[in-house]
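Input: a single structure, listed below in structure tokens.
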Amino acid sequence: MELLEDRTNQITLRKTWIGALTEACFKPVSPAPLITFRIVFGALLAFSTIRFIWMGWIDTHYSQPVFHFTYYGFGWIPVFSASVLYVVHVLMVISAIGVMLGFCYRLSAVMLFLTFVYTELIDLTYYLNHYYFVSLVCFLLIWLPVNHYFSLDHWLSKRKAKLSGMPLVPVWTVGILRFQLVIVYLYAGLAKINYDWLIDAMPLKLWLPVNDTLPLIGPVFTWKITAYAFSWIGMLYDCAIPFLLLNKRTRVVGYGLVIVFHIFTRILFPIGVFPWVMIGATLIFFSANWHQKFLSIASTVTPPTYTLKSVTDRKRYVTLVSVVLFCLFQIVFPWRYLLYPGNLFWTEEGFRFSWRVMLMEKSGVATFYVKDIQTGREIEVQNRNYLNEFQERQMSTQPDFILQFAHFLAKQYKKKGIIQPQVRAEVYVTLNGKPSRLLIDPHTDLTKIQDGWEAKSWILPDQ
1 MELLEDRTNQ ITLRKTWIGA LTEACFKPVS PAPLITFRIV FGALLAFSTI
51 RFIWMGWIDT HYSQPVFHFT YYGFGWIPVF SASVLYVVHV LMVISAIGVM
101 LGFCYRLSAV MLFLTFVYTE LIDLTYYLNH YYFVSLVCFL LIWLPVNHYF
151 SLDHWLSKRK AKLSGMPLVP VWTVGILRFQ LVIVYLYAGL AKINYDWLID
201 AMPLKLWLPV NDTLPLIGPV FTWKITAYAF SWIGMLYDCA IPFLLLNKRT
251 RVVGYGLVIV FHIFTRILFP IGVFPWVMIG ATLIFFSANW HQKFLSIAST
301 VTPPTYTLKS VTDRKRYVTL VSVVLFCLFQ IVFPWRYLLY PGNLFWTEEG
351 FRFSWRVMLM EKSGVATFYV KDIQTGREIE VQNRNYLNEF QERQMSTQPD
401 FILQFAHFLA KQYKKKGIIQ PQVRAEVYVT LNGKPSRLLI DPHTDLTKIQ
451 DGWEAKSWIL PDQ
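Quick note on numbering: full-length UniProt numbering labels position 114 of the sequence shown as 114, and the sequence is numbered without any gaps.
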């Protein structure tokens, strides 16, 4: 009897806990922050894609190279012809504009996600943390009710059904975007707490002096103390900014720091539209009242009356589980590097998708040799016959790139008549200004190695 009572109490407690969490996540709030986010994000992505087309990067990135590096497990994704790739990017622009305007929103959001992620998956060479961030946001926007007001969809539905008012949205829909931004900044800050960044001021010691020609402030970047100051300020900024933005009292100051920081980094480093994306995205931290005032500036529409769309308990539960799983993945996955031995910056095992932004200066020289077992003849490969300059530069420092290229070379030389080619590579790499040293075992036949999640024993230690 006592066991039955204990079991009943446990079930009741669990239901109470889950119920309280569900109620908290589905508390109705204004969708105004989501609307601003949708407009800004869609506009920036449309501009960025138009810029990408205008700069001719479809040809230089995708059409001209003979070989493309792929993400592990995604080698099956084809690289289409130049004409098809132009169509893909035009569809991306149209989808981004559709998201911005809230027109055929769900279709626009799905198309934006598919086209953007496709262009990222076809060549790992161009991986950047902010592309990963954009991919995640595009995915989230598929599921978020960001077209409930100030959108063409809302305007058309209001005319068709003679609706009045604006449906409220669950608080989790705003919270999940804030959560993602907190992860980006906080993990970027934690990643900067390392010896090279804080004690040696690397790689800023190498990067900042390049800006010595800037008017007035240029000479400051040649001072040794400047690199140290920027290293510590960068770490403190990334660690503190989520809390400054979350706190109502410090939000304005925090956002001012966001603007100053990202504009300054845009001046110093060629990082594309990323600063503007972050400046626009962090507006989500402002209150619903602020966003409603912002939207009222752009519209003469009278503030709407609010109605709440009902959701079934089953749908609430499924949504809650999905949100929790997404958040847990974002929290845990960046720490996978702890499962690998050695210096993360040297091996780069677990480096990607962990919000390690501009933390190292790494360059190398990779020379590949293809050996014909039957004749004993060894041929030195000219990398530029297959790769563009940027691909070669990226390949020369990243072990999984080196392995992929070796397997590609084996296939190429089989076509040239070498039945069983052996491929090895001599790769010398310098990390954060340290002397060059061998990255991998130069005697290893790379054709015998398959990529995977396990640690790469053929990478030499950095000491």
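Glycine included, each C-beta is placed from N, C-alpha and C at the ideal position. Because the structure is a prediction, the values reported are computed rather than measured.
{"Query": "Excluding the 5 residues flanking Leu141 on each side, which residues of the same chain have their C-beta closer than 8 angstroms to its C-beta?", "Result": "Arg38, Phe41, Val99, Ala109, Leu112 and Phe113"}
{"Query": "Grouping DSSP H, G and I as helix and E and B as strand, with all else coil, what is Thr125?", "Result": "helix"}
{"Query": "Given this structure, state the Cα-to-Cα distance separating Tyr386 from Ala32, to the nearest angstrom.", "Result": "50 angstroms"}
{"Query": "Measure from the alpha carbon of Leu124 to the alpha carbon of each residue in Phe67, Tyr71 and Gly102, then state which is nearest.", "Result": "Tyr71"}
{"Query": "Using CA coordinates, which residue listed in Arg249, Pro65, Ala281 and Lys362 is at the minimum distance from Met202?", "Result": "Lys362"}
{"Query": "For Phe116, is the classification buried or exposed, using 16 other Cβ atoms within 10 angstroms of its Cβ as the cut-off for buried?", "Result": "buried"}
{"Query": "Determine whether the beta carbon atoms of Ile35 and Tyr149 lie at a separation below 8 angstroms.", "Result": "yes"}
{"Query": "Under the three-state reduction of DSSP, which class applies to Tyr428: helix, strand or coil?", "Result": "strand"}
{"Query": "Is Ile419 closer than 8 angstroms to Gln450 when the C-beta atoms are compared?", "Result": "no"}
{"Query": "Helix, strand or coil for Gln374? Go by DSSP, reduced to three states.", "Result": "coil"}
{"Query": "Output the boundary residues of the beta strand (DSSP E) element that contains Leu198.", "Result": "Careful: Leu198 lies outside any beta strand (DSSP E), inside the alpha helix (DSSP H) at Tyr195 to Leu198."}
{"Query": "Please report the residue range of the beta strand (DSSP E) in which Met166 lies.", "Result": "Met166 to Pro170"}
{"Query": "Quick one: using the 10 Å Cβ neighbour count with 16 as the cut-off for buried, is Ile18 buried or exposed?", "Result": "exposed"}
{"Query": "From the DSSP secondary-structure annotation, give me the bridge partner or partners of Glu380.", "Result": "Tyr369"}
{"Query": "Check Asp445 in the structure and name its three-state DSSP category.", "Result": "coil"}
{"Query": "To which residues does DSSP link Ser363 through a beta bridge?", "Result": "Thr430"}
{"Query": "Could you name the residues of the same chain whose beta carbon sits closer than 8 angstroms to that of Leu198, not counting the 5 residues immediately before and after it, in chain order?", "Result": "Lys192, Ser231, Trp232 and Met235"}
{"Query": "Tell me the DSSP bridge mates of Ile459?", "Result": "Ile440"}
{"Query": "If you drop the 5 nearest sequence neighbours on each side, which residues of the same chain put their C-beta closer than 7 angstroms to that of Pro215?", "Result": "none"}
{"Query": "Per DSSP, what are the beta-bridge partners of Val423 in this structure?", "Result": "Val370"}
{"Query": "Give the straight-line distance between the Cα atoms of Ser396 and Gly102, rounded to the nearest whole angstrom.", "Result": "44 angstroms"}
{"Query": "Indicate the three-state DSSP secondary structure (helix, strand or coil) for Pro28 in the structure shown.", "Result": "strand"}
{"Query": "Once the 5 residues before and after Lys371 are set aside, which same chain residues still bring their CB inside 6 angstroms of it?", "Result": "Glu378 and Gln422"}
{"Query": "Quick one: Cα of residue 465 to Cα of Val90, how far?", "Result": "With the chain covering only 1 through 463, there is no way to say anything about residue 465."}
{"Query": "For Pro461 versus Gly342, is the C-beta distance shorter than 8 angstroms?", "Result": "yes"}
{"Query": "If you draw a straight line from the C-alpha of Glu349 to the C-alpha of Arg393, how long is it?", "Result": "18 angstroms"}
{"Query": "If contact is defined by three or more beta carbon pairs under 8 angstroms, each pair taking one atom from either stretch, is the segment 128-142 in contact with the segment 178-185?", "Result": "yes"}
{"Query": "Any contact of the segment 310-320 with the segment 22-29, i.e. 3+ C-beta pairs under 8 angstroms?", "Result": "yes"}
{"Query": "Quick check on Trp143: does DSSP put it in helix, strand or coil?", "Result": "helix"}
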